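Participant:
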Amino acid sequence: MSATVASASPGRSWMALLGRWETLLVVAIAGLMVLGASLSPFFLTPGNFANLIAALMEVAIMALPMTLIIVAGEIDLSVESMAGLASSLLGFLWASGVPLGVAIPIVLLVGALGGLLNGLLVARGGLPSLVVTLGTLALFRGLALIVLGPRGVSNFPPAFTQLGFGHVPGTLIPWPFVIFLGLALILGIVLHRTWIGRQIYAIGKNTGAARFSGVRVVRVRAGLFVLSGLIAALAGIILTSRLSSARADAGAGMTLTVVTVVLLGGVNIFGGSGTIPGVVLAVIAVAVMQNALRLASVTVEVQSIALGLLLILSVVIPNFAHQAKSAIDRVRGGRPPPAGPVRRGEDVPA
Amino acid sequence: MADPGVAVGSFSAPARGRWLVVVARQRELSLVAIMVVLGGLVTLTAPQFLSVANISQVAVLASVIAVAAMGEALVVITRNVDLSVEATMGLVAYAVASLLERHALDTPGALAFGLGLGLVLGMINGVVVTLFKVPAIVATLGTLSIFRGVDYLVAGSHQVPLASLPPGFTDAARDSFFGVPIFVAIALIIMVIGSVILRSTRFGRQLYAVGSNPEAAAILGIPSRLVVFTAFSLCGLLAGVAGILYVMEFGTINGTSATGLVLAVVAAVVVGGVNIFGGSGTLVGALLGALFLGFIANALILIGLSQFWLQAIYGVVILLAVSADAILVRRIQRATAARRVR
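Listed in order, the protein sequences are those of chains W and D.
Position 265 of the first sequence, counted from 1, bears residue number 650 in the working numbering, the numbering being contiguous throughout.
Position 198 of the second sequence, counted from 1, bears residue number 202 in the working numbering, the numbering being contiguous throughout.
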């Protein structure tokens, strides 16, 4: 809804800003904060903020490459299993005496290779990513179980557990948040300010047209899955560090939250539109919401109701807004609105 | 057992591509052939594989997944997907077990409630997808989360033990009807009724039409939204049946029951040759897909491999099945394209 308004009438740019999905998210975050503050006096303290953000960081980090993949019109359901495989492999290597300085690069390499498997099957093999990554969702989790079995490894050195657990010295900012912001900055620049980003949007909007314009569709798609595998492995390492424990079932069920955060960030599930800043705002919104619900003593399990509702509403609300807008336009006798699905979170032309 | 799929069934093939078409049309038969070959290999190392007791145990376990997979197949044929089936199964299972435990309803009443609940949950999916126009993957990922959350909310930390169920309630999982285990009979009856509907009724043909070409279906005046809504409703109903079978099979039910089963259900559908892009596939395929997965799980135990291998092998099976289908379709397209050029 934003881009159509923005491009149709540059004079009404304040309305475009008001109608942007990101603006809605900021309003929602503010509303949730007021709600949280009224629930508990501790809600607005820095310590609480550090906690609420730290617990969501693995999901947030995996949401960044997922944003790129969904913008390109694909999906990667296997990220939670790759995080589990990374945790499992790291625990196995550490328990067999491999120093972490060697083990971590190996784990990251395995992540990239797992992503390459997805990428080759989807990009070169032309198979549907939904089914391929459902297959590797099972495969990677199975490998994690084979590597480590049902045991847990937990005697990691304090220097390593500081990565997930510690704060930047002198502040309450958790290290994973710094990693998240760094990655968001890099991927945000790549997506919104480079030719690679333009190609990703082009593939997501119209793969055939992108191919005929000289975009190396196979290479870009495969590259995105490699990136996703690599960063999922990184998230697995951070999770292991934060929990001070490597387990084969690490990250189970996280894919749902990752996809929810991305779609809530205004990324179109059919590809072609979405922004990194939108997804960063969605991460904050979900973190604030989960924290407010926790303060209202809603258990983590029951919070999934709110998460699911949020996911569906993030599509329903723009749909209704679009319908309402076209109804208003009809009454005013203006131009008929463009046909087709609503595009949310359209990237702003540089 | 010919595949009524529009994608591969509607052209006359040249001699070169004919064997491919035969394989594609008999997609379900090739699955049976693979099972026979693998079964032979397993029997070499573990002779007890072919015993009647073992085979009926495999079939009974697979029936639970098969019933849910047949519902999933209806949705996938319309070019949609339902990721919430496991949550529907879990919620129905807990509701039925809990009602029986508290003697709130007698057995037929509780079963009827379970079926009704499954149907309602399926209808919710249908409404979200067709009326609110939310893409199926997003809608059912959302309802997966919501239904499971409601399950947790209702169940809390409570677990219904086997002993609280009425005496004889779980017998159905072990009893036979003229030598056919009751679970298998239920799955077969659903398969036969469903296949007849898919093959020979207006609604059945509309399912394929909507899935293979939504625009053409709309031009033909097919009420696509009603068709898709009905597919989701039936999927919910069958997930409800699967949830009831789950209670009878396992007896002990809590808020996390049936977690993770969506993978097996979708895997059964994919392995059974239902095209994930809609428009083709059969219930026989979904049923055989579920049987195939159950068969692999059983074979693993018999040849002494750890259960940890199961997940990895499921993953490989899904990847192989979807690759094989893609190669087959591509070969057929190439063969028919060559014919057109000539």
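The C-beta atom is built at its ideal place from N, Cα and C for all residues, glycine as well.
Quick caveat, the model's predicted, so the values are computed rather than measured.
Roughly how many angstroms lie between the CA atoms of W/Pro543 and W/Ala468, to the nearest whole one?
Facilitator: Roughly 21 Å separates the two Cα atoms.
Participant: Give me the subset of the stretch 143-154 of chain D whose CB atoms are less than 9 Å from a CB atom of chain W, sorted by chain position.
Facilitator: For the stretch 143-154 of chain D, which is checked against every Cβ of chain W, the residues closer than 9 Å are Ala143, Leu145, Gly146, Thr147, Leu148, Ser149, Ile150, Phe151, Arg152, Gly153 and Val154.
Participant: Could you tell me the boundaries of the alpha helix (DSSP H) in which D/Gln61 lies?
Facilitator: Looking at the DSSP string, the run of the alpha helix (DSSP H) that includes D/Gln61 is Val56 to Ile81.
Participant: Expressed to the nearest angstrom, what Euclidean distance is found between the alpha-carbon atoms of W/Phe525 and D/Ala235?
Facilitator: The alpha-carbon atoms of W/Phe525 and D/Ala235 are separated by roughly 32 Å.
Participant: Relative to the C-alpha of D/Leu309, which residue among D/Val40, D/Thr49 and D/Ala325 is closest?
Facilitator: Taking only the C-alpha atoms, the option nearest D/Leu309 is D/Thr49.
Participant: Would W/Phe434 be called buried (16 or more neighbouring beta carbons within 10 Å of its own) or exposed?
Facilitator: Result: buried.
Participant: Can you pull the DSSP bridge partners for D/Val164?
Facilitator: In DSSP, D/Val164 forms a bridge with D/Ile257.
Participant: Answer yes or no: does any C-beta atom of chain W fall closer than 8 Å to that of D/Val274?
Facilitator: It does: the Cβ of D/Val274 has a partner Cβ on chain W nearer than 8 Å.
Participant: Under the assumption that W/Gly659 contacts W/Gly650 (Cβ atoms under 8 Å), give the Cβ distance between them as a whole number of angstroms.
Facilitator: Indeed, because the Cβ distance is near 7 Å, the residues count as touching under 8 Å.
Participant: Just grab the DSSP bridge partners of D/Val184 for me.
Facilitator: In DSSP, D/Val184 forms a bridge with D/Phe181.
Participant: Could you pull the start and end residues of the alpha helix (DSSP H) that W/His707 belongs to?
Facilitator: Val685 to Arg717 is the span of the alpha helix (DSSP H), which, as asked, contains W/His707.
Participant: Which of helix, strand or coil does DSSP assign to D/His107?
Facilitator: Of the three classes helix, strand and coil, the one that applies to D/His107 here is coil, per DSSP.
Participant: For W/Thr625, collect the residues of the same chain with a Cβ closer than 6 Å to its Cβ; drop the 5 residues on either side in sequence, then sort them by chain order.
Facilitator: So the list reads Ser472, Leu475 and Ala631, once near-sequence residues are dropped.
Participant: Which of helix, strand or coil does DSSP assign to D/Val85?
Facilitator: In this structure, D/Val85 counts as coil in the three-state DSSP scheme.
Participant: Could you tell me whether any Cβ in chain D is nearer than 8 Å to the Cβ of W/Ile697?
Facilitator: Yes, W/Ile697 counts as interfacial toward chain D.
Participant: Take D/Val288 as the anchor and find which of D/Asn302, D/Ala272 and D/Ile280 has the nearest alpha-carbon.
Facilitator: Per the Cα distances, D/Ala272.
Participant: Residues of chain B with a CB under 8 Å from the CB of W/Ile531: which are they?
Facilitator: Absent from the structure: chain B. Protein chains present are W and D.
Participant: Tell me which residues of the stretch 319-336 of chain D have at least one Cβ-Cβ distance to chain W shorter than 7 Å, keeping chain order.
Facilitator: Taking 7 Å as the Cβ-Cβ cut-off against chain W, the residues of the stretch 319-336 of chain D that qualify are Gly319, Val320, Ile322, Leu323, Val326, Ser327 and Ala330.
Participant: When the Cα atoms are used, what is the spatial distance from W/Gln688 to D/Tyr156?
Facilitator: Approximately 10 Å between the Cα atoms of the pair.
Participant: Among W/Met418, W/Glu459, W/Ala422 and W/Pro426, which residue has its Cα nearest to the Cα of W/Lys590?
Facilitator: That would be W/Glu459, whose Cα lies nearest to the Cα of W/Lys590.
Participant: In three-state terms, what does DSSP make of W/Val483?
Facilitator: Here W/Val483 sits in coil by DSSP.
Participant: Nearest to D/Val274 by CA position, among D/Gly293, D/Ser261 and D/Gly146, is which residue?
Facilitator: The shortest C-alpha separation from D/Val274 is found at D/Gly293.
Participant: In three-state DSSP terms, what is D/Val41?
Facilitator: Three-state DSSP puts D/Val41 in a helix.
Participant: Does the stretch 92-101 of chain D touch the stretch 114-123 of chain D, meaning 3 or more C-beta pairs lie closer than 8 Å?
Facilitator: At 8 Å Cβ cutoff, the stretches touch.
Participant: I'd like the span of the alpha helix (DSSP H) that includes W/Ile558, first residue to last.
Facilitator: Where W/Ile558 is concerned, there is no enclosing alpha helix (DSSP H), given that its DSSP letter is neither H nor E.
Participant: When we look at the beta-carbon of D/Asn302 and count the other beta-carbons within 10 Å, is it buried (16 or more) or exposed?
Facilitator: By the neighbour-count rule (16 or more Cβ atoms within 10 Å), D/Asn302 is buried.
Participant: Within its chain, find whatever has a CB closer than 7 Å to the CB of W/Asn503; leave out the 5 residues flanking it on each side and keep chain order.
Facilitator: If we look at W/Asn503 and ignore the five residues flanking it on each side, its Cβ neighbours are Asp461, Ser463, Val517, Thr518, Thr521, Phe610 and Gly614.
Participant: Please classify D/Ala17: does DSSP put it in a helix, a strand, or coil?
Facilitator: Residue placement at D/Ala17 cannot be trusted, given a pLDDT of 44 that sits under 50; the coordinates are not used to answer.
Participant: Do the CB positions of W/Gly500 and W/Leu612 come within less than 8 Å of each other?
Facilitator: Result yes, Cβ atoms of W/Gly500 and W/Leu612 sit closer than 8 Å.
Participant: For W/Val538, which residues does DSSP report across the bridge?
Facilitator: The partner list for W/Val538 (beta bridge, DSSP) reads W/Ala631.
Participant: Which partner residues does W/His552 have in the DSSP bridge list?
Facilitator: Note: W/His552 sits in a beta bridge opposite W/Pro559.
Participant: Below 8 Å on C-beta distance, what does W/Ala523 contact in chain D?
Facilitator: In chain order: Leu267, Ala271, Gln315, Ala316, Tyr318, Gly319 and Ile322.
Participant: Using the beta-carbon count (16 or more within 10 Å), is W/Ala709 buried or exposed?
Facilitator: It counts as exposed.
Participant: Return the CA-CA distance between D/Ala352 and D/Gly282, expressed in angstroms with no decimal places.
Facilitator: A query on residue 352 of chain D cannot be resolved here, the shown segment of chain D reaching from 5 to 346 and no further.
Participant: Tell me where the alpha helix (DSSP H) around W/Gln584 begins and ends.
Facilitator: W/Gln584 -> alpha helix (DSSP H) spans Trp580 to Lys590.
Participant: Which bits of chain W does D/Ile141 rub up against, with CB to CB less than 9 Å?
Facilitator: In chain order: Ile460, Leu515, Val644 and Ile654.
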